[in-house]
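First the structure, in the form of structure tokens, and then the observations on it.
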Amino acid sequence: MKLLVHIEHDGVAVRRGSLSALRFAQDVAEKTGGSVQGIVLGSGLEAVASDASRYVSVSVADDPALGSVVAGSHAQVITAAVESGGFDVVVGTSTSAAKDTLGRVGGSLGGYMASDVVGHEVSDGDLLFKRPMFAGSAIATVRLNGGPQVVTVRDSSYEPCEPATEAGAITPVEASVTSGGVEVTGAPAAQGGRPDVTEAQVVVSGGRAWKSSEDFESHVGTLADLFGGAAGSSRALVDSGITPNELQVGQTGKIIAPQLYLALGISGAVQHLAGMRNSKVIAAINEDKDAPIFQVSNYGIVGDVYEVVPDLIERLKEADA
Ligand SMILES: Cc1cc2nc3c(=O)[nH]c(=O)nc-3n(C[C@H](O)[C@H](O)[C@H](O)COP(=O)(O)OP(=O)(O)OC[C@H]3O[C@@H](n4cnc5c(N)ncnc54)[C@H](O)[C@@H]3O)c2cc1C
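Sequential numbering from 546 applies to the sequence shown in my numbering.
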């Protein structure tokens with residue numbers, strides 16, 4: 546199979562999630578005797594292209610018109626690349642941006658899509674995907690009866706790939722795009738300059754126990770900073786306007802699997818667990834000893850977050866000093 550991987554980046558380097566998408570693609574190529582090519586889109590891509598080529602040969606669409614991630618424009622370029630390159634499978638990560646872009650690619654090409662893939666196998670030359678259903682309560686095995694196949698994989702399910710022994714080729718591609726009437730006028734900066742929950746090794750998350758944005762920031766945010774990690778949130782806090790949407794972890798938020806997940810005042814509803822239950826170590830603080838979060842936790846403290854978290858912050862500061 547010939548696979549094209551949509552590589553996301555931060556303007557300088559390849560995002561960790563895309564290395565997981567590359568891992569998936571390389572495995573499929575190996576099992577089917579196929580090949581993998583990357584595609585990078587954006588503006589001012591010299592550093593990104595060089596970083597991406599450490600892993601795979603890349604086509605680079607470097608154009609000011611692609612500077613903002615407008616799904617329609619990016620999809621036009623990827624669609625053209627799939628058509629001219631005769632790719633069988635287009636692969637990306639399960640981010641909102643990639644699902645938006647690649648969904649359009651599938652639509653334009655009359656292709657077939659499997660999103661949120663958490664596993665795969667090749668059986669008699671067919672690619673079979675495993676994907677969660679019902680908030681992760683069941684895992685379906687799916688076969689796409691047609692092509693091209695468009696796949697987004699969960700980075701929490703695939704280890705990032707390693708750099709190749711030899712750098713890949715960098716090939717510029719023509720980007721002829723129409724904006725479709727969309728203009729991006731700005732993007733909010735990440736809160737506190739912290740990493741995104743999908744990229745961090747440690748995620749400190751807060752739930753309804755926190756009464757205000759200020760409380761959240763001075764406790765959950767401070768603890769996240771002490772760990773050099775990301776701040777996350779349950780949907781309850783997002784819905785009440787205490788935390789921004791991009792912090793939400795869960796079925797309708799982000800799906801993550803950090804080394805350490807700290808749940809502070811989160812009950813552990815099934816929709817929240819769907820986003821973090823694959824974390825390597827889970828620790829929870831909750832005043833209710835019967836809170837479901839404790840059922841998936843490796844460590845737990847029964848107590849008031851307004852008392853335990855300041856104490857934890859003090860101890861970590863002392864240990865750091
Ligand atoms: C279709 C659908 C999709 C959803 N998607 C998501 C999703 O992506 N992510 C998500 O998180 N939710 C999602 N939800 C919502 C989910 O069902 C829960 O309502 C939500 O996760 C609850 O958030 P919470 O744990 O912060 O709040 P609660 O369930 O209210 O829990 C608060 C917890 O804090 C504890 N607590 C309170 N005060 C203190 C204190 N001072 N000290 C210590 N502990 C304290 C309580 O004992 C309780 O366990 C979704 C729901 C639906 C229907």
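Yeah, the Cβ is synthetic: ideal placement off N, Cα and C, and Gly gets one too.
Supposed contact pair residue j and residue i - C-beta distance, whole angstroms, cut 8 Å
| i | j | result |
| --- | --- | --- |
| S750 | I811 | 6 Å |
| T624 | V601 | Incorrect: roughly 20 Å between the Cβ atoms, too far for contact. |
| V550 | G583 | 5 Å |
| T775 | V748 | Here residue 775 turns out to be Ala, not Thr, going by the sequence shown. Correct: roughly 5 Å between the Cβ atoms. |
| A732 | R599 | The pair is not a contact, with the Cβ atoms about 27 Å apart (cut-off 8 Å). |
| V537 | A626 | Not covered by the structure: residue 537. The range shown for the chain is 546 to 866. |
| V585 | A597 | 5 Å |
Distance, residue j Cα to residue i Cα
| i | j | result |
| --- | --- | --- |
| L672 | V847 | 46 Å |
| S565 | E744 | 12 Å |
| K862 | I838 | 27 Å |
| A808 | V783 | 15 Å |
| G670 | D645 | 29 Å |
| D770 | S629 | 46 Å |
| V709 | G589 | Before going further, note that residue 709 is Ala rather than Val in the sequence given. Spanning the two alpha carbons is a distance of roughly 24 Å. |
| R688 | V698 | 15 Å |
| V593 | A828 | 36 Å |
| E859 | S778 | 22 Å |
| H554 | R560 | 5 Å |
| D741 | G562 | 11 Å |
| A570 | Y703 | 11 Å |
| S842 | S604 | 43 Å |
| I715 | T788 | 40 Å |
| V722 | S824 | 40 Å |
| P677 | D865 | 41 Å |
| V826 | D608 | 42 Å |
| R739 | G773 | 8 Å |
| L647 | D633 | 14 Å |
| L792 | Y806 | 13 Å |
| A606 | Q621 | 11 Å |
| E591 | I552 | 14 Å |
| S653 | N790 | 29 Å |
| D835 | D700 | 31 Å |
| G655 | Q694 | 10 Å |
| A616 | I684 | 29 Å |
| S595 | L857 | 42 Å |
Sequence-distant residues of its chain with Cβ nearer than 6 Å to residue i (five each side left out)
| i | result |
| --- | --- |
| V614 | A642 |
| V850 | A754, L809, G810, I830 |
| Q816 | A680, G795, Q796 |
| G845 | A829, F839 |
| Q746 | P803, Q804 |
| P705 | R561, L564, S565 |
Own chain, CB closer than 8 Å to residue i, minus 5 neighbours either side, in chain order
| i | result |
| --- | --- |
| F674 | A659, V662, G664, H665, T686, V687, R688, L689, V696 |
| D572 | H665 |
| R568 | Y703, E704, P705, C706 |
| V667 | V573, K576, T577, L673 |
Closest Cα partner of residue i within the set the options
| i | options | result |
| --- | --- | --- |
| G692 | A714, M678, P855, G631 | G631 |
| T794 | G773, R822, R676 | A small fix is needed here, since residue 794 is Val in this sequence, not Thr. Among G773, R822, R676, the Cα nearest to that of V794 belongs to R822. |
| S785 | S595, A776, G752, A814 | G752 |
| V727 | L857, H619, A680 | H619 |
| E832 | E852, K576, A814 | E852 |
| E879 | I552, V557, L548 | Outside the displayed span of the chain (546 to 866) sits residue 879, for which this structure offers no information. |
| Q840 | P855, V667, A814, A864 | A814 |
| V729 | G612, L586, R739, R568 | G612 |
| S682 | P855, A819, G617, A610 | A819 |
| G587 | A610, D596, A597, L567 | A610 |
| F761 | I684, K834, S595, P855 | P855 |
| M546 | V635, D596, A616, G617 | V635 |
Nonlocal neighbours in the same chain, by C-beta distance under 7 Å from residue i, ignoring five residues either side
| i | result |
| --- | --- |
| A781 | G752, R753 |
**OP:** Examine the Cβ distances between the segment 798–805 and the segment 759–767 and report whether three or more of them are shorter than 8 Å.
**Re:** no
Subject >> Touch test, the segment 623–642 against the segment 652–671, Cβ-Cβ under 8 Å, three pairs minimum >> reply: yes
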